[in-house]
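Protein chains in written order, with the UniProt record's numbering: chain A, 1 to 414; chain B, 1 to 414.
Quick reminder that beta carbons are idealized off the backbone N, C-alpha and C, glycines included.
Quick notes on the structure that follows.
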DNA sequence: CAGACTTTGTAAACCCCCTTTCCTAACCCC
DNA sequence: GGGGTTAGGAAAGGGGGTTTACAAAGTCTG
């Protein structure tokens with residue numbers, strides 16, 4: 001990919017807005033020192049964002065002998081972003097204001113046989129319509145919709161190349177969605193959504209290199225390298241869940257043996273429990289969430305089986321994370337997604353300790369392991385962030401398109 | 001790290017020189033279409049390189065009805081680069097002309113026990129002096145010396161933070177070397193040297209994302225991500241050799257169990273052989289090179305034990321490579337270093353096949369696995385490339401330093 | 001309460017980088 | 001030796017960032 005000076009501008013625009021959202025309200029001076037940009041550049045970018053009505057001037061700082069600093073803050077009401085989290089059994093949609101507060105939520109269940117794209121898209125369209133209605137925002141103020149769909153996605157064409165849970169192959173999801181949804185659409189997968197959410201609003205903010213480890217039913221790692229998302233050639237980087245942890249280990253649904261996912265994904269954790277005590281009352285064979293919750297409670301109550309399961313899981317997880325630390329040497333490893341949210345506390349200490357045993361000293365010394373600080377659904381937030389990035393990207397674009405006329409030149413349209 | 005428009009220039013300068021070296025002689029037009037840059041930019045950069053005498057005009061292309069294209073080629077005699085490969089038992093130094101031909105070689109043995117930094121540096125200084133004398137180049141034409149030293153290196157300070165083979169801790173190697181060597185010095189480790197060599201002259205050339213798998217006594221992976229070397233926060237990314245392949249597997253000298261290195265590094269391969277047939281005549285217990293050579297010959301002759309050992313090794317290697325493919329989604333995986341050079345042919349087919357079984361379909365489809373096409377010592381070449389990059393980096397720098405005068409302004413020095 | 005001091009933020013000038021456009025140079029063919 | 005064609009340099013222009021100058025907007029002090 002060729003890089004141009006425009007990319008620098010886009011990156012700076014992102015960074016300034018990130019800082020404004022994080023520090024809101026804040027001054028141009030603070031932004032300049034936080035971003036390392038000159039005051040003039042910050043002022044220009046702030047001006048752009050003011051013009052877009054994404055931020056507003058909100059008064060002045062008290063001064064101690066000079067002209068008071070003007071303060072800017074996110075203009076929460078200046079637009080709305082929608083994040084769609086499509087999963088195997090549900091579609092979860094959230095509508096955010098520009099301060100990334102959730103204004104409305106909607107959830108649709110996907111019933112077991114509903115695997116056709118049209119059915120799933122129907123749920124998405126319903127839920128999106130619902131959040132817009134609930135929040136009562138005008139359509140024109142919806143800046144975009146980010147859609148996270150499991151599996152491999154081609155961003156350029158908007159095709160879901162492969163979704164394992166429904167066995168989708170090359171579904172032109174973006175085209176299908178755009179028949180029902182009039183807002184700008186952005187497609188990607190949950191791994192990258194979580195990574196972007198952490199990059200903008202979470203523990204990866206301000207870091208050049210970070211790994212966002214996703215612990216859910218599936219497992220993956222969103223890679224932030226060089227300050228931006230690493231996508232790989234075919235936008236399928238981050239499949240850490242299908243990385244071998246135990247050669248010839250547990251059979252994974254990907255066909256391989258010993259994948260990380262089979263040890264630290266929710267079904268893997270259930271299996272860790274079952275292997276320890278097949279009749280444990282903590283085990284809810286058909287309900288991953290309930291089992292994980294039971295484990296969390298068990299650990300809190302000192303149940304030895306629960307403690308042991310978490311220890312075992314932490315040991316597997318730590319071996320996998322140590323691999324990431326050794327290979328990528330990131331500044332921070334973030335544990336995200338619902339399993340981490342529920343089991344994170346007890347897991348974290350064990351993981352830190354075990355990673356310290358596994359990883360090499362030098363990379364380890366530079367890395368910290370933290371839980372995601374994002375309180376809401378990170379996938380929805382990340383998906384909405386894709387929409388936010390999309391809205392910012394088109395700012396710098398030339399608006400005046402050259403008019404190609406059949407014969408002679410036409411006057412440019414106003 | 002803040003990126004500026006100058007980085008773009010530097011990257012373009014690299015790319016143009018890379019193309020010139022690869023296609024020498026070539027025309028500005030060809031360079032423009034190869035790099036995607038405009039003719040004007042290419043002409044400017046070519047002009048710069050001509051001024052530096054790194055390239056020369058070498059005539060004209062035949063034309064078919066227009067002004068003939070001027071041809072430029074690397075000015076091999078325009079400078080010399082030195083690559084130093086410090087390893088556990090030897091120091092290998094090569095002197096290159098600007099076409100990256102080897103003009104002189106020198107090798108010094110490091111005897112067991114010679115582990116003090118001054119001893120090692122003495123060998124380096126001797127060897128560097130030797131190649132300069134052999135090649136008969138003037139000191140002024142040596143553009144720089146790249147030094148590869150095993151372990152973790154801080155490039156900014158030039159400190160070898162940790163070298164496992166001699167148990168070095170925080171040795172200020174660059175300072176010590178500069179007492180003996182007057183040329184510009186560049187320090188890094190062999191992993192990254194090989195990666196840069198592939199990026200400039202080998203199989204990774206022109207790719208955005210590549211992994212250079214290093215199979216030697218030690219094992220690692222140089223990561224090319226986003227068109228440049230990925231270093232990680234503390235310049236220690238790429239320690240793939242100390243990534244877990246088999247949980248609780250073979251004990252590694254890093255203190256861990258089941259590291260990739262213990263299965264596919266030269267000692268690991270020897271162990272694979274020993275476990276299969278402890279009395280195999282292929283086994284030279286004290287000589288890794290001889291054993292690997294014997295295995296290569298054995299495979300060529302159809303020796304079933306050799307074939308099996310290579311199969312086993314390939315299987316381990318493939319599992320590890322599949323992990324890299326799934327995690328990073330690179331365009332190309334390059335097998336490099338001396339084990340790959342000797343055993344590469346027979347290994348490659350097995351590896352490709354086994355990776356295809358392990359990796360996910362989508363990332364796999366985008367990845368090819370190849371042997372390094374670099375015929376010489378890739379570490380020396382890569383180290384020399386660091387020196388070349390260094391020489392190119394200082395091109396764009398402002399030369400006129402502001403003179404701070406005590407009183408009034410001094411006339412700028414010519 | 002007016003002048004002095006301090007700080008903000010905008011505007012202008014400047015540097016770097018790349019591209020487009022124009023024009024001359026250099027060659028082939030007829 | 002003109003006409004057609006291609007190469008490559010020079011100039012103009014657009015994007016981006018920084019530095020510098022200066023007006024604006026405060027506090028402080030005599």
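Neighbour flag for residue i against chain B, beta carbons, 8 Å
| i | result |
| --- | --- |
| residue 218 of chain A | no |
| residue 362 of chain A | yes |
| residue 243 of chain A | yes |
| residue 268 of chain A | no |
| residue 149 of chain A | no |
| residue 323 of chain A | yes |
Contact list for residue i against chain B, beta-carbon separation under 7 Å
| i | result |
| --- | --- |
| residue 484 of chain A | Not covered by the structure: residue 484 of chain A. The range shown for chain A is 1 to 414. |
| residue 254 of chain A | 360 |
| residue 162 of chain A | 362 |
| residue 246 of chain A | 246, 247 |
Of the residues the options, the one placed nearest residue i, counting alpha carbons only
| i | options | result |
| --- | --- | --- |
| residue 228 of chain B | B:355, B:133, B:210, B:79 | B:210 |
| residue 276 of chain A | A:91, A:323, A:306, A:258 | A:306 |
| residue 85 of chain A | A:381, A:391, A:230 | A:381 |
| residue 131 of chain B | B:146, B:154, B:107, B:117 | B:107 |
| residue 213 of chain B | B:367, B:4, B:262, B:337 | B:337 |
| residue 340 of chain A | A:215, A:392, A:76 | A:215 |
| residue 162 of chain B | A:50, A:70, A:386, A:361 | A:361 |
| residue 375 of chain A | A:290, A:351, A:241, A:201 | A:201 |
| residue 182 of chain A | A:167, A:49, A:68, A:142 | A:142 |
| residue 81 of chain A | A:104, A:164, A:368 | A:104 |
| residue 35 of chain A | B:62, B:2, B:8, B:60 | B:2 |
| residue 311 of chain B | B:233, B:353, B:366, B:47 | B:353 |
| residue 315 of chain B | B:114, B:154, B:304, B:350 | B:350 |
| residue 83 of chain B | B:384, B:394, B:302 | B:384 |
| residue 150 of chain B | B:193, B:253, B:359, B:53 | B:193 |
| residue 145 of chain A | A:272, A:124, A:164, A:159 | A:124 |
| residue 79 of chain A | A:53, A:102, A:93, A:367 | A:53 |
Interface flag, residue i vs chain A, CB-CB below 8 Å
| i | result |
| --- | --- |
| residue 378 of chain B | no |
| residue 175 of chain B | no |
| residue 5 of chain B | yes |
| residue 410 of chain B | Because residue 410 of chain B carries a pLDDT of 36, less than 50, the predicted location of this residue cannot be relied on, and the following value inherits that uncertainty. So no, residue 410 of chain B is outside the interface. |
| residue 239 of chain B | yes |
| residue 225 of chain B | yes |
| residue 8 of chain B | yes |
| residue 152 of chain B | yes |
| residue 319 of chain B | yes |
| residue 400 of chain B | Low confidence applies to residue 400 of chain B: its pLDDT is 41, below 50, so where it sits in the model is not reliable enough to give any reading. |
Amino acids of chain A, ordered along the chain, whose beta-carbon sits closer than 7 Å to that of residue i
| i | result |
| --- | --- |
| residue 88 of chain B | Going along chain A, no residue has its Cβ under 7 Å from residue 88 of chain B, so there is no contact; the nearest lies around 18 Å. |
Listed by chain order, chain B residues near residue i by CB distance under 8 Å
| i | result |
| --- | --- |
| residue 440 of chain A | Outside the modelled stretch of chain A, which goes from 1 to 414, sits residue 440 of chain A, for which no answer is possible. |
Residues that DSSP places opposite residue i in a beta bridge
| i | result |
| --- | --- |
| residue 14 of chain B | For residue 14 of chain B, which the question treats as bridged, DSSP gives no partner whatsoever. |
| residue 105 of chain A | A:94 |
| residue 60 of chain A | A:70 |
| residue 418 of chain A | Residue 418 of chain A is absent from the model: chain A starts at 1 and stops at 414. |
| residue 215 of chain B | B:219 |
| residue 83 of chain A | A:94, A:146 |
| residue 442 of chain B | Because chain B spans 1 through 414 in this model, residue 442 of chain B falls outside it and cannot be assessed. |
| residue 210 of chain B | B:224, B:332 |
Neighbouring residues, chain A, relative to residue i (Cβ below 9 Å)
| i | result |
| --- | --- |
| residue 236 of chain B | 326, 329, 360, 362, 363, 366 |
| residue 134 of chain B | Ordered by position in chain A, no residue passes the 9 Å Cβ test against residue 134 of chain B, which lies about 37 Å from the chain. |
*Minimum length 4: unbroken alpha helix (DSSP H) runs contained in the region 326 to 398 of chain B*: 338 to 358, 361 to 365, 378 to 393
*Runs of alpha helix (DSSP H) lying entirely within the region 223 to 289 of chain A, each at least 4 residues, in chain order*: 261 to 264, 266 to 276
*Residue ranges of each alpha helix (DSSP H) run of no fewer than 4 residues wholly in the region 118 to 194 of chain A, ordered along the chain?*
173 to 178
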